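Participant:
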Amino acid sequence: MPEYSSLEKIRLQKMEELRAEGVEPFPTRATRTHTSAQAIAEFETAEKEGREVKATLTGRIRATRAMGKLSFAHIEDGDGKIQLFFRVNEVGQDKIDFFNKMFDLGDFIQVGGVMMRTKTGEATLLVHEFKMLAKAVSPLPAAKDETLEDGTVVRHAALEDAEIRARQRYADLAVNPDVRETFRKRAAIIKALREFLDGKGFLEVETPILQPLYGGAAARPFTTHHNELDQDMYLRISFELYLKRLLVGNLEKVYEIGRDFRNEGVSFKHNPEFTQLEFYWAYADYLQVMELTEQMVSNTAQQTLGTMKVKYKEHEIDLTPPWRRLEMRQGILEASGVDIAAHKTAADLFQAIRAQHPNKTPDPKVTRGKMIDFLLGEFLEPTLIQPTFLYNYPRDISPLAKPLPGDPLTVERFEGYVAGFEICNAFTELNDPLDQEQRFLDMQKDYTDDEEEKNPLDEDYLRAMRYGMPPNGGFGMGVDRLVMLLLNKHSIREVLLFPALRKEEF
RNA sequence: GGGCGCGUAGCUCAAUGGCAGAGCAGUGGCCUUUUAAGCCAUUGGUUGAGAGUUCGAAUCUCUCCGCGCUCACCA
Numbered sequence: 409m410p411e412y413s414s415l416e417k418i419r420l421q422k423m424e425e426l427r428a429e430g431v432e433p434f435p436t437r438a439t440r441t442h443t444s445a446q447a448i449a450e451f452e453t454a455e456k457e458g459r460e461v462k463a464t465l466t467g468r469i470r471a472t473r474a475m476g477k478l479s480f481a482h483i484e485d486g487d488g489k490i491q492l493f494f495r496v497n498e499v500g501q502d503k504i505d506f507f508n509k510m511f512d513l514g515d516f517i518q519v520g521g522v523m524m525r526t527k528t529g530e531a532t533l534l535v536h537e538f539k540m541l542a543k544a545v546s547p548l549p550a551a552k553d554e555t556l557e558d559g560t561v562v563r564h565a566a567l568e569d570a571e572i573r574a575r576q577r578y579a580d581l582a583v584n585p586d587v588r589e590t591f592r593k594r595a596a597i598i599k600a601l602r603e604f605l606d607g608k609g610f611l612e613v614e615t616p617i618l619q620p621l622y623g624g625a626a627a628r629p630f631t632t633h634h635n636e637l638d639q640d641m642y643l644r645i646s647f648e649l650y651l652k653r654l655l656v657g658n659l660e661k662v663y664e665i666g667r668d669f670r671n672e673g674v675s676f677k678h679n680p681e682f683t684q685l686e687f688y689w690a691y692a693d694y695l696q697v698m699e700l701t702e703q704m705v706s707n708t709a710q711q712t713l714g715t716m717k718v719k720y721k722e723h724e725i726d727l728t729p730p731w732r733r734l735e736m737r738q739g740i741l742e743a744s745g746v747d748i749a750a751h752k753t754a755a756d757l758f759q760a761i762r763a764q765h766p767n768k769t770p771d772p773k774v775t776r777g778k779m780i781d782f783l784l785g786e787f788l789e790p791t792l793i794q795p796t797f798l799y800n801y802p803r804d805i806s807p808l809a810k811p812l813p814g815d816p817l818t819v820e821r822f823e824g825y826v827a828g829f830e831i832c833n834a835f836t837e838l839n840d841p842l843d844q845e846q847r848f849l850d851m852q853k854d855y856t857d858d859e860e861e862k863n864p865l866d867e868d869y870l871r872a873m874r875y876g877m878p879p880n881g882g883f884g885m886g887v888d889r890l891v892m893l894l895l896n897k898h899s900i901r902e903v904l905l906f907p908a909l910r911k912e913e914f
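Sequential numbering from 409 applies to the first sequence in the numbering used here.
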């Protein structure tokens, strides 16, 4: 049993009184003829023609203004808000008193009446009858909207506590309309991505989330167990190895949008489960994938926001293709003064970094690839504000990518950067089964210290590759980060309905 | 995991070692066109939890819990 607050006790008392008067506080059925927006729209045409609009509306009570023989209220439904006008002339004094006493902010109500315009010009439902639809036992966090003379709406006492907003997203959504709008736009973005790929002839597929082996990325997995099979299973950390199996099966263009799970740190841009988009495109290379990427992202912005120019923090970002192409070696040289091509071993590269930046050096024990990654993150990444494809990556941090012809240390890989963070990762995919096997073995050597993070050798994937995999370009993008970028949200928690949080004690 | 910060009424916030407060919400009253309605009155607190210092702790110290920022990690 919960400890009820004094406010909740009063509302529970009202519920009992309602039942005692024969009023069910949670009736089974409701009727409505119009949403708030429909009623207002229909009234605005009808009043010019001198026609009456009768309407039955449903919604949650958001504000009340009781004045003795009349009461005003606003209710909110899925389409917006509408004012209600209760007057003794229509419903009688008993019903006015009943409404004022028994209906609280947050209750769901059904109201029937006639549309009218009040003295101040607001389209309003003049109520003839009303009915409780669902009593709210707990008061929603109070929020009041003030409309200034210039039309801007100021919210007072709105729910702002980040923890309560994330834990009790239902309350956050109920009182903050802009949060509902964020998630409507998120859905529109995902729909636009799907329509774009469908339009390009890609087949949407679903591959296993529960996997006997994990792979396709370097991340610690979540582990679980299947009882009947009596075997450990992993939640996938990427879709890559399954989607590429489909290319072996002569499906030439495939994509999947779904959830990945990584058992790692939580931050403003990391959640343990996140939405990923991956596609694989037979007979394409990473340069073609770049072109498709800039089309897809800019098209998604145009479809959902009506523009390719977005604001992110203090930046004005233009997503219009073509995006800047920057070779990684050149970018790192410009940003840090270190030429990675001139230093072909980890020890050499470490000396070069230390010579340029005595106070900013990587861990000297890591691989050359990780040192390059360090240079990228430390010096170059923060400068990549306008959309940029950074291309040609070190081979030893890219075990699934195909080498650049003539350069054994480099692979055909790119990452897309916008607003100083990475939004996607793509490469010309390695399709040589023998090279792939050797890369898996090399990775296992690199990761002997960290059992969990190493890529396990996936024999079935190699078996598939040996049947022949067409040359292809592959692509992965964190959809949550794209949503953050397009909606100017600075934390992944703002774009996830239920972000991961520590378990709450009740 | 490390560092920094925050946690006071249902919500938004005051009180910096000396009686725990305000606005909104709630409750009672007045009010027939209000819109953050207004006016009068009034309820509501284990100051995240626990321990310590002190004549006295929301305030200082320690431990714990939760959250935020940041660093590390995240090919």
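C-beta atoms are modelled at their ideal positions from N, C-alpha and C, and glycine is treated no differently.
All of these numbers come straight from a predicted model, not from anything done at the bench.
To the nearest angstrom, how far is it from the Cα of PHE516 to the Cα of ARG459?
Facilitator: Between PHE516 and ARG459, the C-alpha separation is close to 29 Å.
Participant: By Cβ distance, which residues of its chain are closer than 8 Å to ARG847, with the 5 residues on each side in sequence left out?
Facilitator: Same-chain partners within the cutoff: PRO807, LEU808 and LEU838.
Participant: Excluding sequence positions up to five away, which residues of its chain have a Cβ less than 8 Å from the Cβ of HIS564?
Facilitator: ALA551, LYS552, ASP553 and GLU554.
Participant: So, at 7 Å on beta carbons, what are the nonlocal neighbours of ALA596 in its own chain, with the 5 sequence-adjacent residues on each side left out?
Facilitator: THR712, listed in sequence order.
Participant: Identify whether TYR875 lies in helix, strand or coil by the three-state DSSP scheme.
Facilitator: TYR875 falls in the coil class under three-state DSSP.
Participant: Output needed for LYS897: all residues of its chain with C-beta closer than 8 Å, excluding positions within five of it in sequence on either side, in chain order.
Facilitator: Around LYS897: THR590, VAL891 and VAL903.
Participant: By DSSP, does ASP888 sit in helix, in strand, or in coil?
Facilitator: Here ASP888 sits in helix by DSSP.
Participant: Could you tell me if PRO802 is buried or exposed, where buried requires 16 or more neighbouring beta carbons within 10 angstroms of its beta carbon?
Facilitator: With 16 or more Cβ atoms within 10 Å of its Cβ, PRO802 is classed as buried.
Participant: For ASN508, which three-state DSSP category applies?
Facilitator: Note: ASN508 maps to helix in three-state DSSP.
Participant: Could you name the residues of the same chain whose beta carbon sits closer than 6 Å to that of PHE604, not counting the 5 residues immediately before and after it, in chain order?
Facilitator: Once the five neighbours on either side are set aside, the close Cβ partners of PHE604 are MET704 and ASN707.
Participant: For HIS634, count the other beta carbons within 10 Å of its own beta carbon; 16 or more makes it buried, fewer makes it exposed. Which is it?
Facilitator: HIS634 is exposed by the Cβ-count criterion.
Participant: Does DSSP put THR683 in a helix, in a strand, or in coil?
Facilitator: If DSSP states are grouped into helix, strand and coil, THR683 belongs with the strands.
Participant: Give the DSSP bridge partners of TRP731, in chain order.
Facilitator: The partner list for TRP731 (beta bridge, DSSP) is empty, contrary to what the question assumes.
Participant: Give me whichever residues DSSP pairs with LEU478 in a beta bridge.
Facilitator: DSSP, once it has assigned bridges, lists ARG495 as partnering LEU478.
Participant: Using a Cβ-Cβ cut-off of 6 Å (strictly less than) and excluding sequence neighbours within five positions of ALA760, which residues of its own chain qualify?
Facilitator: Answer for ALA760: VAL746 and HIS751, listed in chain order.
Participant: Need the endpoints of the beta strand (DSSP E) that LEU533 sits in, please.
Facilitator: From DSSP, the beta strand (DSSP E) with LEU533 extends over 531–542.
Participant: Would you mind working out which of PRO766, LYS462 and GLU820 sits nearest PHE835, comparing C-alpha positions?
Facilitator: It is GLU820 whose Cα lies nearest to the Cα of PHE835.
Participant: Taking just the CA atoms, how far does GLU568 sit from ASP850?
Facilitator: When rounded, the distance between both Cα atoms is 50 Å.
Participant: Under the DSSP definition of a beta bridge, which residues are partnered with SER646?
Facilitator: Answer is none; SER646 lacks a bridge partner.
Participant: Just to confirm, is the Cβ distance from GLU686 to GLY884 under 8 Å?
Facilitator: Against a cut-off of 8 Å, the Cβ pair of GLY884 and GLU686 comes out as a contact.
Participant: Helix, strand or coil for LYS768, going by three-state DSSP, please let me know.
Facilitator: DSSP places LYS768 in coil when its eight states are reduced to three.
Participant: Work out the CA separation of LEU865 and GLY657 for me, nearest whole Å.
Facilitator: Cα to Cα, GLY657 sits roughly 21 Å from LEU865.
Participant: Does DSSP put PRO816 in a helix, a strand or coil?
Facilitator: Of the three classes helix, strand and coil, the one that applies to PRO816 here is strand, per DSSP.
Participant: Start and end of the beta strand (DSSP E) containing ASN833?
Facilitator: Here the beta strand (DSSP E) through ASN833 covers 829–836.
Participant: Considering just the uninterrupted stretch of the beta strand (DSSP E) at TYR694, what are its terminal residues?
Facilitator: Premise fails: TYR694 lies in the alpha helix (DSSP H), 694–713, not in any beta strand (DSSP E).
Participant: Provide the residue(s) that pair with MET955 in DSSP beta bridges, ordered along the chain.
Facilitator: Outside the displayed span of the chain (409 to 914) sits residue 955, for which this structure offers no information.
Participant: Can you tell me whether DSSP reads ASP726 as helix, strand or coil?
Facilitator: If DSSP states are grouped into helix, strand and coil, ASP726 belongs with the strands.
Participant: Taking the continuous alpha helix (DSSP H) assigned at ASP580, which residues delimit it?
Facilitator: It spans 577–583 - the alpha helix (DSSP H) in which ASP580 sits, taken as one unbroken run.
Participant: Taking DSSP as the reference, what is the three-state secondary structure of ARG594?
Facilitator: Here ARG594 sits in helix by DSSP.
Participant: Between the stretch 644–660 and the stretch 672–691, can you find at least three pairs of beta-carbon atoms closer than 8 Å?
Facilitator: The stretch 672–691, when compared against the stretch 644–660, does touch it at the 8 Å Cβ threshold.
Participant: According to DSSP, what are the bridge partners of PRO795?
Facilitator: DSSP, once it has assigned bridges, lists no residue as partnering PRO795.
Participant: Return the CA-CA distance between PHE682 and ILE483, expressed in angstroms with no decimal places.
Facilitator: PHE682 and ILE483: Cα-Cα distance of roughly 35 Å.
Participant: For ALA438, count neighbouring C-beta atoms within 10 Å of its own C-beta (all shown protein chains included) and say buried if the count is 16 or more, exposed if not.
Facilitator: With fewer than 16 Cβ atoms within 10 Å of its Cβ, ALA438 is classed as exposed.
Participant: Tell whether a beta-carbon distance below 8 Å holds between VAL545 and LEU420.
Facilitator: Yes, they are a contact pair.
Participant: In angstroms with no decimal places, state the Cα-to-Cα distance between GLY739 and ILE793.
Facilitator: The alpha-carbon atoms of GLY739 and ILE793 are separated by roughly 13 Å.
Participant: Nearest to THR472 by CA position, among GLU455, LEU492 and GLY486, is which residue?
Facilitator: Here the closest residue by C-alpha is LEU492.
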